[in-house]
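Read the structure below first, then the notes.
Numbering (the working numbering), first residue to last: 1 to 138.
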């Protein structure tokens, strides 16, 4: 085998714009509302379960209430993290480049190639439009 195709990871960056910030904040606000709705439901279930425990003194219901309380606490932690992310997004400077993710690409290699010289690259986006494909060094 003289030649081989390998998969190489490519970093995808995006330029911070007002539109990007608004889009990211909107996604987080939607997620926040979903979690708050779930919290309301959990609070209702906890109250209902607590009333049942008082009526029946059922240990299984007490365990269930503890599990619901744990789930409620996890949701409060999720809310805290979302709010931290919202603050971080608000603090981003317009024009700043941030990492959005990564994609894979196929690279042809052959015997005799210098591994350290295999071209690494990154993709730069602005408002979801590809602005540049850059070669990057180590």
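For each residue, glycine too, the CB sits at the ideal point set by N, CA and C. Model, not experiment: these values are computed from the prediction.
Buried or exposed (CB count within 10 angstroms, at least 16 for buried), residue i
{"i": "residue 20", "result": "buried"}
{"i": "residue 37", "result": "exposed"}
{"i": "residue 14", "result": "buried"}
{"i": "residue 94", "result": "exposed"}
CB contact below 8 Å: residue i versus chain B
{"i": "residue 22", "result": "Among the protein chains of the structure shown there is no chain B, as only one such chain exists."}
Beta-carbon spacing of residue i, residue j below 8 Å
{"i": "residue 123", "j": "residue 7", "result": "no"}
{"i": "residue 23", "j": "residue 102", "result": "no"}
{"i": "residue 28", "j": "residue 98", "result": "no"}
{"i": "residue 2", "j": "residue 110", "result": "yes"}
{"i": "residue 25", "j": "residue 49", "result": "no"}
{"i": "residue 79", "j": "residue 32", "result": "yes"}
{"i": "residue 125", "j": "residue 100", "result": "yes"}
{"i": "residue 43", "j": "residue 72", "result": "yes"}
{"i": "residue 75", "j": "residue 46", "result": "no"}
Residue range of the beta strand (DSSP E) that includes residue i
{"i": "residue 129", "result": "129-136"}
{"i": "residue 17", "result": "Looking at the DSSP string, residue 17 is not in any beta strand (DSSP E), and its letter there is neither H nor E."}
{"i": "residue 122", "result": "120-126"}
{"i": "residue 97", "result": "97-110"}
Beta-bridge partners of residue i, as assigned by DSSP
{"i": "residue 40", "result": "DSSP, once it has assigned bridges, lists no residue as partnering residue 40."}
{"i": "residue 47", "result": "The partner list for residue 47 (beta bridge, DSSP) is empty, contrary to what the question assumes."}
{"i": "residue 3", "result": "110"}
{"i": "residue 8", "result": "105"}
For residue i, the first and last residue of its enclosing alpha helix (DSSP H)
{"i": "residue 59", "result": "59-91"}
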